[in-house]
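A.B. asks: In UniProt numbering, the protein residues as written are 1 to 290.
Mind looking over this structure? Questions follow.
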């Protein structure tokens with residue numbers, strides 16, 4: 001009787017072992033099949049990747065969007081290295097940039113040590129304009145525009161509508177008049193000296209004058225902007241000042257490269273810089289330097 005029980009137990013154990021082996025084989029086969037389906041069949045939601053030599057062809061599809069993306073003949077290696085030299089690149093789009101470029105009519109200076117400056121300092125605008133004209137043709141890509149960062153007219157911007165055109169002629173048109181730059185668009189914003197920089201923001205003709213009230217100050221600030229924005233240059237209307245905040249775009253059609261230029265007037269009367277601009281109005285300080 002004991003021998004019969006032992007025999008039955010042995011048979012059960014053998015069957016159990018066989019069942020485990022079969023289960024492992026089935027599970028492994030199922031896993032391999034699933035891996036093959038998701039890893040090499042692009043008709044599902046997986047991807048197909050095939051490598052031949054140094055080239056790689058990759059296909060990826062999505063069951064949700066039904067869109068297939070393919071990347072062919074791209075190299076793939078464990079370690080990457082830079083193979084291009086930026087110094088050999090051909091640049092197809094460029095712009096010049098200049099700020100604090102405005103000069104006074106009399107070529108004076110606000111600095112007490114201005115008498116120690118040499119001719120390069122006194123004639124800085126003429127020299128820079130000449131260099132810009134030279135570089136406009138020396139550069140691999142001629143500038144599509146010139147970005148002006150403000151302080152276009154020292155010390156106090158344009159002080160009257162009547163005097164505007166003569167001021168533009170003297171310190172802008174007559175300076176940046178080289179054949180290579182005189183038709184290039186100037187994309188402008190105003191600087192703090194275009195709004196203020198003297199005893200008062202308001203003016204009487206071309207001379208600073210005390211504003212009668214707060215509204216007069218705001219009006220004067222608006223005029224400072226308007227007198228520049230409404231100016232029309234005789235050189236292909238190159239002076240551009242569309243608004244306090246605006247976008248200007250340049251493009252090279254052959255290469256398809258384009259650049260959006262965001263122009264921000266940080267001295268606009270409706271921003272915090274209005275207070276900073278008015279702090280220049282030392283006529284209101286009554287001798288208090290603080």
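Built from N, CA and C at the ideal position, the CB exists for glycine as well.
Note that the coordinates shown come from a computational prediction; the quantities given were computed from them, not determined experimentally.
Quick check: what's the CA-CA separation for residue 292 versus residue 177?
C.D. replies: This structure leaves residue 292 out entirely; the chain is present only between 1 and 290.
A.B. asks: Taking DSSP as the reference, what is the three-state secondary structure of residue 207?
C.D. replies: DSSP places residue 207 in the strand class (E or B) of the three-state scheme.
A.B. asks: How is residue 125 classed by DSSP in three states: helix, strand or coil?
C.D. replies: helix
A.B. asks: Report all residues from its chain with a CB closer than 6 Å to the CB of residue 161; omit the five preceding and five following residues, and keep chain order.
C.D. replies: So the list reads 227, once near-sequence residues are dropped.
A.B. asks: Among residues of its own chain, excluding the 5 on either side of residue 249, which ones have a beta-carbon nearer than 8 Å to its beta-carbon?
C.D. replies: 258, 259, 260, 261
A.B. asks: For residue 222, which of helix, strand or coil comes out of DSSP?
C.D. replies: For residue 222, the three-state secondary structure derived from DSSP is helix.
A.B. asks: Pick out whichever of 143, 255, 144, 103 has its Cα sitting closest to the Cα of residue 194.
C.D. replies: 103
A.B. asks: Looking at C-alpha atoms only, which residue of 140, 183, 99 is the closest neighbour of residue 154?
C.D. replies: 99
A.B. asks: For residue 251, which residues in the same chain have their Cβ closer than 6 Å to its Cβ, ignoring the five residues on either side in sequence?
C.D. replies: 258
A.B. asks: Buried or exposed: which applies to residue 82, given that a residue is buried once 16 or more other Cβ atoms fall within 10 Å of its Cβ?
C.D. replies: It is exposed - the Cβ of residue 82 has fewer than 16 other Cβ atoms within 10 Å.
A.B. asks: In angstroms, rounded to a whole number, what distance separates the CA positions of residue 84 and residue 143?
C.D. replies: 25 Å
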